[in-house]
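Student:
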Amino acid sequence: MSSIKCPSCGQNISKHANVCIWCKCPLTPTVMNAAEESENRRKIEAHKEKWEKKEEMRLAQIRAIESRQIHCPYCGSVNVRKTTFWSDFGLWQSVGKQWVCKDCGSYF
Ligand SMILES: [Zn+2]
Ligand SMILES: [Zn+2]
1 MSSIKCPSCG QNISKHANVC IWCKCPLTPT VMNAAEESEN RRKIEAHKEK
51 WEKKEEMRLA QIRAIESRQI HCPYCGSVNV RKTTFWSDFG LWQSVGKQWV
101 CKDCGSYF
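The opening position of the sequence shown corresponds to residue 1 in UniProt numbering, with each subsequent residue numbered one higher.
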């Protein structure tokens, strides 16, 4: 009967044993494990790469949206609103400048 040494306790045990008969440590064929592990790692890497690309695209989209968003030219705040006023005529009127910054109060 072919035997191997237990990696945990060093006793001779059957090559086909799943568990060491001496110390009960689980034995898994190391060669298969290494192959499986590298395969798993490859999958993880591929998945990560895909995910990173997706994330990059998502961030680029967010940046594109943000750059389109109206922001204050004075303080850079995006906390802005349309300048409309309730006039004496009972109408909503713009004051000429389109936006007002709620942070610094500038019209632009
Ligand atoms: Zn053992
Ligand atoms: Zn501002």
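Positions of the beta carbon are idealized from the N, C-alpha and C atoms, including for glycine.
1. Relative to the C-alpha of Cys104, which residue among Lys5, Tyr74, Gln98 is closest?
2. Classify Ile61 as helix, strand or coil using the three-state DSSP reduction.
3. Give the DSSP-derived three-state secondary structure of Trp99 in the structure shown.
4. Is DSSP giving residue 135 helix, strand or coil here?
5. Rounded to whole angstroms, what's the CA-CA distance from Thr28 to Leu59? Just pull it up for me.
6. Classify Cys101 as buried or exposed, calling it buried when 16 or more other Cβ atoms lie within 10 Å of its own Cβ.
7. Please classify Ile4: does DSSP put it in a helix, a strand, or coil?
8. Can you tell me whether Val80 is buried or exposed, with buried defined as 16 or more other CB within 10 angstroms of its CB?
Tutor: Reading it off the structure:
1. Tyr74
2. It is worth fixing the name first, because residue 61 is Gln in this sequence and not Ile. Gln61 falls in the helix class under three-state DSSP.
3. strand
4. This structure gives no information on residue 135, because the portion of the chain shown stretches from 1 to 108.
5. 43 Å
6. buried
7. strand
8. buried
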